[in-house]
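In my numbering, the protein residues as written are 2 to 999.
These notes concern the structure reproduced below.
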């Protein structure tokens, strides 16, 4: 008897052997059922080796209790003590699976299945499992027989007799035998239907790949044909009834539970398509309608039940289509998009626990392997295995995957699959979520051999293997491209030149030969630069392939690398700053403008990092102007000063374009910016502020170079048009007015000559040919247009506007805003024009009619010949002009009494009109959406083509690049154009009502 307050020796031994509830275990060991063996030391030792000793002991007591009489109990206990194989198997299963313990308690004689230990018992196949199911003649007995067979598979698994691949293959073989038994039951129930048709059951997914889980949907496709002399229509109906009955036999819940769901949704047209088709019907579908993922699914097709000859014919008939799937347009992009969609559909609360579908999960390995199989399997039949690990091994042997990468991926895949098996085995439930309960995690960890601190060790190992998969699953596709052009160790397999070209074409490279030359130039050699680039390129190639211009991205990277490759900070930036490499890849492959700006001063690549380079956040106007004026102040003469100002402008244009591209494409760390209007405002504000700072610096340089500190006349630059509205695009001219006012004592003619000289010199210097993009100044909105003087005095403006001003000029002045020069003079000019743009009591009806007439005339006369009016962003239906003229009409009519309308910015004025009740919220949203979209298209065209344009490009690749910028994936250019037309058509309907009063 144990003294009060002291632990018994049994209690201590139980703790030492891994029991978590020693008190309960001690009571069970003292129970009558275990009395004959409780003193036997082998029992406790064996329990201590199981995944969950408490669970195993409880299951054993229940099993003994369930035996039919004393003799049966003694036989079980004697065999348990005497036969180590049985002891390890039985207790191993009881400690890992509560569901199989329940089965044994219901069918207490089934423990006998674990006694035999013959060679054929170690690795049973379909034939052995068919014998195990042979006596099943209804759904209930089939379930009992299935669990009995499953019991032996689980026993070999938990004892380590079979490894992961063997266990998965056995589970697939058991599923095959079960499908055959279920089909036999269905046929027996409907012999007439069976006589009418030939029915083949083709396994797909993990069953087809011979790598099934413990509990998984068994994916199948049914193929039917008429038996000799039977009507085809009636035969397919009979085959459909047989197939449906077979599915119910496996899937329905009975007193013995269910086996697993049989899922036929991988068939043509999914659940909307017929359950059974003829072979010719299958072929017609795959030839005309199948999507890329459907060919990917066919990689694992394997005939398993029914008419095996017909199933084999099905697989052989479709195989050529499978192995040519990689030739489909946007093949790689489609597969990768499918993978992304899977991840996006995981509930946020579950994504970090998803063993199968989450980032770094099993599906990442499977998708990567299948992608490579589809690309290279056409030319290399050794890759055509439906089993993931066999295919990975073949890819490594053929040089399609680096051997070290394949070994790591194989190891991680096995670990993750073992985790999945152990999770499912416990309750025999279909789940891929890692449990959160520490007891569950402890059981899983111990079952994987982690015994010191199972929970901590399991989490650490899971995290490590998930990280390996995340790092390798995309690298797996790109790394061998470098090996194909690099010097490898003797005996190391490499990707052949043809295979490398094949892979590059699949990735979307138009000139694979040139791409291989670039890779060779970048990755060859033993320098530090080459070593770092060999590390970076596999990932960069993936990012390039995610763009519409992968060839340009790779070429541009080579140019930047050639220019900066010997600069230590450049290599350090790409290697160490997480965002820099991906940002660079996005920028270099998104079109011509950003790379052109970067090539003129490659050191601007520092802006793409996370550190001290300034990042991609736009700079405020005050800081820009301060830097420009400082650079001008340091310069020796006017030309040198303006060159410095233009250099700042080039760098900041690159910053703005890069930020726009990264926000539009998104990165691994930063999602795509959802608010497109905010992006438009950011670009418009940044480019407008930059233009204002450049003009301020140029004005300072010209005045200093020609007159010293003081110009004979006060001088101001007034922004107009998009410039005044803070809405400039990358290729916009700067619309301005120039105003001056002679200083005291200065002759008006002398002041005018000085002002005109300043304007002429500013325009000249800003357009001088150089490495920096020119800034074109457009003063055509001045009084009298091109016929009027370039510069007027404030008095001249006052006199003109008082006597001659036309309504279109009042409309143009809605955008007037001082940007450079004499601030007091600019303020007084704005005060002068305010009564014109916000006339007291609003515009009269005659003026309104005149504006409408001008708008209609512009639509008919200024649209370029041959342009599609539904796709012209500026003058087309529902485009920029439609929205801006509608908003400006509100400003002219109501700005005098609605302060919110007194703004130069279109979107702000539209929001103010809505707040004032002048336009409904719905109509305002429609106009705003159309204006933002049209502006985004103009920006995209400039980014992609490197020159401004108001229409979508006609070149296919350029059009795809515009689509990518706007968020449309490969193959969805038509959707982009349809969406644009739909958005602008709705906007035009609002314009007709609000502007024309229709």
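In this text, a Cβ means the ideal position worked out from N, Cα and C, and glycines have one as well.
Since this is a predicted model, take the numbers as computed values, not measurements.
Any non-hydrogen atom of the ligand PLP closer than 7 Å to residue i Cβ
| i | result |
| --- | --- |
| residue 563 | Among the components of this structure there are no ligands whatsoever, and the ligand PLP is therefore not found. |
For residue i, the three-state DSSP class (helix, strand or coil)
| i | result |
| --- | --- |
| residue 138 | coil |
| residue 914 | helix |
| residue 488 | Annotation note: pLDDT 49 at residue 488 (below 50); position unreliable, coordinate value reported separately. Three-state DSSP puts residue 488 in coil, outside helix and strand. |
| residue 985 | helix |
| residue 866 | coil |
| residue 819 | strand |
| residue 769 | coil |
| residue 948 | coil |
| residue 638 | coil |
| residue 778 | strand |
| residue 304 | strand |
| residue 258 | strand |
| residue 876 | coil |
| residue 277 | strand |
| residue 978 | helix |
| residue 212 | coil |
Host alpha helix (DSSP H) of residue i (start-end)
| i | result |
| --- | --- |
| residue 93 | 85-97 |
| residue 842 | That residue, residue 842, is in no alpha helix (DSSP H); it is neither H nor E in DSSP. |
| residue 314 | 309-323 |
| residue 198 | Counting along the chain, residue 198 falls outside any alpha helix (DSSP H), though it belongs to the beta strand (DSSP E) covering 198-204. |
| residue 38 | Segment: none, residue 38 is in no alpha helix (DSSP H) and carries neither H nor E. |
| residue 287 | 280-289 |
| residue 521 | 513-524 |
| residue 669 | That residue, residue 669, is in no alpha helix (DSSP H); it is neither H nor E in DSSP. |
| residue 731 | No alpha helix (DSSP H) contains residue 731, which DSSP labels as neither H nor E. |
| residue 251 | 233-252 |
| residue 26 | 23-30 |
| residue 885 | 881-895 |
| residue 347 | Note, residue 347: premise wrong, no alpha helix (DSSP H); not H, not E. |
Contact under 8 Å by Cβ, residue i with residue j
| i | j | result |
| --- | --- | --- |
| residue 364 | residue 217 | no |
| residue 354 | residue 434 | yes |
| residue 572 | residue 533 | yes |
| residue 203 | residue 321 | no |
| residue 944 | residue 594 | yes |
| residue 834 | residue 801 | no |
Pick from the options that is closest to residue i, judged by C-alpha positions
| i | options | result |
| --- | --- | --- |
| residue 85 | 152, 39, 160 and 65 | 160 |
| residue 991 | 327, 928 and 976 | 928 |
| residue 746 | 12, 712 and 706 | 712 |
| residue 266 | 220, 251 and 225 | 220 |
| residue 805 | 789, 207, 573 and 830 | 789 |
| residue 1007 | 722, 935 and 227 | The question about residue 1007 has no answer here: the residues shown for the chain are numbered 2 through 999. |
| residue 511 | 555, 574, 544 and 368 | 555 |
| residue 710 | 634, 685 and 737 | 634 |
| residue 96 | 839, 446 and 715 | 446 |
| residue 283 | 273, 239, 249 and 224 | 224 |
| residue 780 | 457, 817 and 769 | 817 |
| residue 682 | 498, 819, 235 and 933 | 933 |
| residue 89 | 75, 73 and 112 | 112 |
| residue 766 | 741, 706 and 785 | 706 |
| residue 157 | 116, 636 and 995 | 116 |
Enclosing beta strand (DSSP E) for residue i [first to last residue]
| i | result |
| --- | --- |
| residue 1010 | Look at the range of the chain in this structure, 2 to 999, and you will see that residue 1010 is not part of it. |
| residue 847 | Where residue 847 is concerned, there is no enclosing beta strand (DSSP E), although the alpha helix (DSSP H) it sits in stretches over 846-862. |
| residue 742 | 735-743 |
| residue 794 | 792-794 |
| residue 226 | 219-227 |
Within-8 Å CB hit, residue i to chain B
| i | result |
| --- | --- |
| residue 356 | Within the model displayed, chain B is absent; a lone protein chain is all it includes. |
Quick test of the definition: if touching needs 3 or more C-beta pairs under 8 Å, does the stretch 595-612 touch the stretch 560-571? As far as the Cβ criterion goes, the stretch 595-612 touches the stretch 560-571, which means the pair count is three or higher.
Per the contact definition of three or more C-beta pairs closer than 8 Å, is the stretch 453-468 in contact with the stretch 279-295? No: the two stretches stay apart, fewer than three of their Cβ pairs being nearer than 8 Å.
Does the stretch 53-63 come close enough to the stretch 95-106 that 3 or more CB-CB pairs lie under 8 Å? Yes, since at least three Cβ pairs between the stretch 95-106 and the stretch 53-63 fall closer than 8 Å, the two stretches touch.
Cβ contact (3+ pairs, closer than 8 Å) linking the stretch 331-344 and the stretch 387-396: The answer is no - the stretch 387-396 does not touch the stretch 331-344, with fewer than three Cβ pairs under 8 Å.
Between the stretch 905-917 and the stretch 970-988, do at least 3 Cβ pairs fall closer than 8 Å? No, because fewer than three Cβ pairs between the stretch 905-917 and the stretch 970-988 fall closer than 8 Å, the two stretches do not touch.
Cβ pair count under 8 Å reaching 3, the stretch 848-856 against the stretch 950-961: Three or more beta-carbon pairs separated by less than 8 Å are not found between the stretch 848-856 and the stretch 950-961, which leaves the two stretches without contact.
Take every Cβ of the stretch 894-909, pair it with every Cβ of the stretch 974-986, and state whether three or more of those distances are shorter than 8 Å. A contact between stretches requires three or more CB pairs, one per stretch, nearer than 8 Å, and the stretch 894-909 fails this requirement with the stretch 974-986.
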